[in-house]
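Numbering (our numbering), first residue to last: 6 to 185.
Glycine is no exception: its CB is placed at the ideal position from the N, C-alpha and C atoms.
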């Protein structure tokens, strides 16, 4: 009975943690929604101000005011809080993947394909930033494997042979059990 009670308490604790997590997520979404609404208001006011400036006389003062307002307000509302948002990965360059061993060894440009050959298997692989680097690494590894195989084929393994003895078997000798 105590084990069941302990299990139910554990489940209740997990549900409370889930609830707290959902509340935090909800608050973050509310803040993001408010920021987006403020951005829409700023953009609509800027576009309305620009339309008025274009239709009215071509004085420089309204344009400067519009630019000052938009830059000040955009800095206030568009600057993300670094605590809320994790930094984005800026490295969106294409990567090349080399599989050095296994039946599907080679150079791949798609992780989806390469990972299907790699994951869950004892496969040696590495990613490179350029195709040239990947092909060079693959070719060097291939040359090393070929060289190792050639060197191994030159070695001769000697198997132990049965020793030749000069002893010739004779008839068994009977030994008396007692000397009485």
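Which residues DSSP lists as bridging residue i, in chain order
{"i": "residue 49", "result": "None; residue 49 has no bridge partner."}
{"i": "residue 116", "result": "Note: residue 116 sits in no beta bridge, so no partner."}
{"i": "residue 131", "result": "103"}
{"i": "residue 125", "result": "Looking at the DSSP assignment, residue 125 forms no beta bridge with any residue, so it has no partner."}
Chain-order list of residues whose beta-carbon lies under 7 Å from that of residue i (same chain, five-residue window excluded)
{"i": "residue 45", "result": "none"}
{"i": "residue 98", "result": "134"}
{"i": "residue 79", "result": "Low confidence applies here, because residue 79 scores a pLDDT of 49, under 50, leaving its location unreliable; read the following figure in that light. 47."}
Among the options, the one whose alpha carbon lies nearest that of residue i
{"i": "residue 146", "options": "15, 101, 130 and 26", "result": "130"}
{"i": "residue 127", "options": "137, 134 and 106", "result": "106"}
{"i": "residue 113", "options": "31, 24, 57 and 133", "result": "133"}
8 Å CB neighbourhood of residue i in its chain, flanking five on each side removed
{"i": "residue 111", "result": "103, 104 and 143"}
{"i": "residue 183", "result": "none"}
CB-CB length for residue i against residue j, believed under 8 Å
{"i": "residue 225", "j": "residue 122", "result": "Since the displayed the chain opens at 6 and closes at 185, residue 225 lies outside it and no answer follows."}
Neighbourhood of residue i by C-beta, 6 Å cutoff - its chain only, sequence neighbours within 5 removed
{"i": "residue 119", "result": "102 and 113"}
{"i": "residue 100", "result": "132"}
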